[in-house]
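**Q** Under the numbering used here, residues 90 to 165 are what the sequence shown spells out, in order.
C-beta atoms are modelled at their ideal positions from N, C-alpha and C, and glycine is treated no differently.
These numbers were taken from a predicted model, which means no experiment stands behind them.
Have a look at this one.
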Amino acid sequence: MGQALLQKVPKLKEWPHFNGEGEYDHMEFIRGIDMIKEDFELPDRLVTEIFNTLFIRSAHRWYIKLRQAHQHQSWN
Numbered sequence: 090m091g092q093a094l095l096q097k098v099p100k101l102k103e104w105p106h107f108n109g110e111g112e113y114d115h116m117e118f119i120r121g122i123d124m125i126k127e128d129f130e131l132p133d134r135l136v137t138e139i140f141n142t143l144f145i146r147s148a149h150r151w152y153i154k155l156r157q158a159h160q161h162q163s164w165n
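Here it is as structure tokens:
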């Protein structure tokens with residue numbers, strides 16, 4: 090990924106965030122992430138590394154527990 094393109098990637102505060110509470114549309118969150126990933130040609134690893142900052146409140150607690158239970162597992 091080129092530095093010029095990386096500088097154009099939106100700041101994390103501008104990315105969609107997901108809290109997993111109440112009436113929520115998780116597909117809207119996923120589509121938002123997919124659009125940024127495609128528009129800026131971001132590698133999967135970069136996107137998955139920042140999930141910790143995109144999940145908030147209940148979703149963040151769920152994500153932390155999931156990572157603790159399944160840490161360091163390969164996708165292969």
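#1: Which residues does DSSP pair with F107 in a beta bridge?
#2: Quick check on this structure: which residue in A148, H159, R120 has the alpha carbon closest to the alpha carbon of G111?
#3: Under the three-state reduction of DSSP, which class applies to F129: helix, strand or coil?
#4: If distances are taken between C-alpha atoms only, which option among Q96, P105, A158, R156 comes closest to M124?
#5: Does DSSP classify Y152 as helix, strand or coil?
#6: Sort K97, K102, V98, Q96 by Cα distance to F144 and report the nearest one.
**A** Short version:
#1: Beta-bridge partners assigned by DSSP to F107: F144.
#2: Closest by alpha carbon: A148.
#3: Correct three-state label for F129: coil.
#4: Answer by Cα proximity: P105.
#5: Here DSSP, grouped into helix, strand and coil, assigns Y152 to helix.
#6: Scanning K97, K102, V98, Q96 for the CA closest to the CA of F144 turns up K102.
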